[in-house]
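K.L.:
The following block contains the structure, expressed as structure tokens.
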Amino acid sequence: MTASPRILIENCAIATVDAEETEYADGHLVIAGNRIEAVGPGPAPAGLPDVSRRIDAAGHLATPGLVNAHHHFYQWLTRGLAQNANLFDWLSALYPVWARLDEPMVHAAARASLAMMARGGVTTAMDHHYIFPRGAGDLLGAEIRAAREMGLRFTAARGSMDLGASDGGLPPDFAVESTEEALRATEAAVREHHDPAPGAMLRIAVAPCSPFSVTTELMRESAALARRLGVRLHTHGSETVEEEKFCHQQFGMGPTAYFDSVGWLGSDVWMAHCVHMTDDDVDAFARTGTGVAHCPSSNARLAAGIARVPDLLAAGVPVGLGVDGTASNEAGELHTELRNALLVNRLGPHREQALTTRAALRLGTRGGAEVLGRQDEIGSLEPGMLADMVLWKVDGLGHSTIEDPVAALVLGPPAPVTLSLVNGVPVVENGRLLTADEEAIARTARTQARRLTTRAA
Ligand SMILES: [Zn+2]
1 MTASPRILIE
11 NCAIATVDAE
21 ETEYADGHLV
31 IAGNRIEAVG
41 PGPAPAGLPD
51 VSRRIDAAGH
61 LATPGLVNAH
71 HHFYQWLTRG
81 LAQNANLFDW
91 LSALYPVWAR
101 LDEPMVHAAA
111 RASLAMMARG
121 GVTTAMDHHY
131 IFPRGAGDLL
141 GAEIRAAREM
151 GLRFTAARGS
161 MDLGASDGGL
171 PPDFAVESTE
181 EALRATEAAV
191 REHHDPAPGA
201 MLRIAVAPCS
211 PFSVTTELMR
221 ESAALARRLG
231 VRLHTHGSET
241 VEEEKFCHQQ
251 FGMGPTAYFD
261 SVGWLGSDVW
271 MAHCVHMTDD
281 DVDAFARTGT
291 GVAHCPSSNA
301 RLAAGIARVP
311 DLLAAGVPVG
321 LGVDGTASNE
331 AGELHTELRN
341 ALLVNRLGPH
351 REQALTTRAA
361 LRLGTRGGAE
371 VLGRQDEIGS
381 LEPGMLADMV
391 LWKVDGLGHS
401 TIEDPVAALV
411 LGPPAPVTLS
421 LVNGVPVVEN
431 GRLLTADEEA
441 IARTARTQAR
451 RLTTRAA
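For reference, each letter of the sequence shown is one residue, going 1 to 457 in the UniProt record's numbering.
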């Protein structure tokens with residue numbers, strides 16, 4: 001048996017984001033194969049065998065790779081539309097366009113979304129795809145292929161909608177699947193793609209879209225399906241006042257009580273947004289271990305409100321961070337969401353006590369790993385964890401006068417990524433993707449966006 005080659009990284013600040021929030025002002029990391037072998041202060045131990053690369057990381061901060069907990073890749077082709085709309089009006093404007101998607105479009109959008117995030121330090125991506133026009137091809141397969149090409153760790157959430165406008169839902173009838181179709185395709189996706197093994201690069205989740213686009217039957221059956229197959233559950237929850245009103249009108253209760261009634265609270269569930277939560281709702285999430293993907297830019301763009309992140313964290317709710325689809329967060333990056341999460345939450349009732357820079361970093365790393373159910377493998381820099389990590393340059397023009405490197409990363413301008421490793425393999429070096437040609441991705445995405453516009457016209 002040959003030993004795994006080692007990468008030594010030295011002379012950098014390190015924020016491990018472990019349970020004790022251990023940091024080193026000047027430390028080292030040893031990567032062996034796809035795992036972290038050692039992390040600590042000062043230089044790496046002398047005389048380690050099989051060293052393939054030694055990196056002098058002076059002027060850098062090392063953190064766990066960022067984990068994105070909520071996204072819709074396909075929206076890369078419909079950015080900048082419905083600019084002054086709330087969620088329901090925005091969705092109503094976009095559903096007819098999205099209903100014209102096909103496989104080459106989704107593949108191009110996925111590559112662009114993944115490239116954008118990877119360049120900004122994301123090592124684990126997640127996508128919630130819930131629109132499957134008839135005859136559009138293998139849309140989930142297209143994004144799985146894109147993540148593999150890009151070299152990112154990936155959770156693909158097979159979404160679904162079966163509540164069209166004629167049945168009281170928000171989406172037009174032509175944008176939804178039948179309940180049976182959605183369940184059958186979701187089960188097939190899990191059976192074909194889900195890798196339950198430790199260190200997996202690909203996991204599948206079951207993800208009906210939202211209370212206003214999915215029947216109660218599909219919510220219930222999806223929960224049963226996921227638990228039978230041993231995969232996680234994801235959806236949108238408590239995003240807007242309009243959704244809250246819809247739930248009261250349709251179900252006679254708020255969104256969280258509704259989710260509870262259909263078996264959707266549990267430690268195997270995470271939901272995007274969770275903005276409009278009562279104290280009882282927060283308690284219910286905490287009691288059941290239900291996770292939250294906080295999406296501050298998207299919530300601001302659609303005027304949804306400010307999620308109660310400090311209250312959720314204080315109650316012990318797992319909270320990660322999400323880009324959300326780029327039709328409601330055109331920036332498409334997660335490292336900038338560290339800053340946005342901190343700023344947005346300080347506009348809420350907890351003011352300057354809302355989130356620290358460390359808490360923001362934790363949301364984007366360990367918190368994301370928790371909601372994806374992977375906190376034993378990713379989200380912190382500790383011996384035995386998977387080698388998903390980022391070296392941020394914090395001694396350049398934008399950051400060199402901020403003494404605290406974590407403050408530089410969170411409060412400063414977007415920090416350049418000098419190196420990111422996924423599973424021990426370099427994906428970004430000196431700000432450039434190693435696994436794909438950014439210009440080619442941009443060109444193809446533009447071509448496919450125009451195809452979509454033309455088809456939808
Ligand atoms: Zn979303």
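The beta-carbon is built from N, C-alpha and C at its ideal position, and this holds for glycine as well.
Remember, it's a predicted structure, so these values are computed and weren't measured experimentally.
1) Within 10 angstroms of its Cβ, does Asn340 collect 16 or more other Cβ (buried), or is it exposed?
2) Quick test of your reading: His107 and Arg145, contact by CB under 8 Å. State the CB separation rounded to the nearest angstrom.
3) Within this structure, are the beta carbons of Leu381 and Val122 separated by less than 7 Å?
4) Please tell me whether Val97 and Ala440 are closer than 7 Å, where the distance is taken between their beta carbons.
5) For Gly291, which of helix, strand or coil comes out of DSSP?
6) Have a look at Leu361 and Asn11 and give me their C-alpha separation to the nearest angstrom.
7) In the DSSP assignment, find the unbroken alpha helix (DSSP H) run with Trp90 in it and report its ends.
8) Grouping DSSP H, G and I as helix and E and B as strand, with all else coil, what is Gly368?
9) Buried or exposed for Ser400, going by 16 or more other Cβ atoms inside 10 Å?
10) Measuring alpha carbon to alpha carbon, tell me which residue in Leu302, Ala408, Val428 and Val417 is nearest Asp89.
11) Residues bridged to Val317 by DSSP?
12) Rounding to the nearest angstrom, what Cα-Cα distance links Gly373 and His294 in this structure?
13) Using 6 Å as the cut-off, classify the Cβ of Ala303 as near or not near the heavy atoms of ligand 1, replying yes or no.
14) Please determine whether the Cβ atom of Asp324 lies at a distance below 6 Å from any heavy atom of ligand 1.
15) At a cut-off of 6 Å, would you count Ala272 as near ligand 1, judging by its Cβ distance to the nearest heavy atom?
16) Just to confirm the assignment: which complete beta strand (DSSP E) runs, minimum length 3, are found wholly within the stretch 113-168?
17) Specify, as a first and last residue, the run of the beta strand (DSSP E) that Arg308 falls within.
18) Kindly indicate which residue of Glu37, Ile31 and Gly59 has the alpha-carbon position closest to the one of Ala25.
19) Which partner residues of Glu10 appear in the DSSP bridge assignment?
20) On a Cα-Cα basis, can you pick out the residue from Pro49, His350, Leu183 and His234 that is closest to Glu217?
21) Candidates Thr78, Ala415 and Gly266: which alpha carbon is nearest His234's?
22) So who's on the other strand from Leu233, going by DSSP bridges?
23) Lys245: buried (16+ other C-beta within 10 angstroms of its C-beta) or exposed?
24) Distance, Cα to Cα, Gln83 vs Pro45?
25) Kindly indicate which residue of Asn345, Met253 and Val323 has the alpha-carbon position closest to the one of Asp280.
26) Please list, in chain order, all residues of the same chain as Phe285 whose beta carbon is under 6 Å from its beta carbon, the five residues on each side excluded.
27) Is Leu256 near Leu87, with beta carbons less than 7 Å apart?
28) What is the DSSP secondary structure of Ala284, counted as helix, strand or coil?
29) Which partner residues of Lys393 appear in the DSSP bridge assignment?
P.N.:
Let me spell this out:
1) Buried, by the Cβ-count rule.
2) Rounded to whole angstroms, the Cβ separation of His107 and Arg145 is 7 Å, and the two are in contact under 8 Å.
3) Contact: no.
4) Their beta carbons are not under 7 Å apart, which means Val97 does not touch Ala440 by this criterion.
5) strand
6) 21 Å
7) Where Trp90 is concerned, the enclosing alpha helix (DSSP H) stretches over Leu87 to Trp98.
8) In the structure shown, the three-state DSSP call for Gly368 is helix.
9) Exposed.
10) Looking only at Leu302, Ala408, Val428 and Val417, the smallest Cα-Cα distance to Asp89 is reached by Leu302.
11) Answer is none; Val317 lacks a bridge partner.
12) 16 Å
13) no
14) Here the distance from the Cβ of Asp324 to the nearest heavy atom of ligand 1 is below 6 Å.
15) Using a cutoff of 6 Å, the CB of Ala272 counts as near ligand 1, since one of the ligand's heavy atoms is closer than that.
16) List check, beta strand (DSSP E) in window: 122-129 and 153-160.
17) No beta strand (DSSP E) holds Arg308; DSSP gives it neither H nor E.
18) The candidate whose alpha carbon is nearest that of Ala25 is Gly59.
19) Answer is His28 and Asp56, bridged to Glu10.
20) Leu183
21) Relative to His234, the option among Thr78, Ala415 and Gly266 whose CA is nearest is Gly266.
22) Answer is Val206 and Val269, bridged to Leu233.
23) exposed
24) 54 Å
25) Met253
26) Val317
27) In the sequence as presented, Leu is not what sits at residue 256; that position holds Thr. No; because the gap between Cβ atoms is not below 7 Å, this pair is not in contact.
28) In this structure, DSSP gives Ala284 a helical state, which the three-state scheme calls helix.
29) Lys393 pairs with His60.
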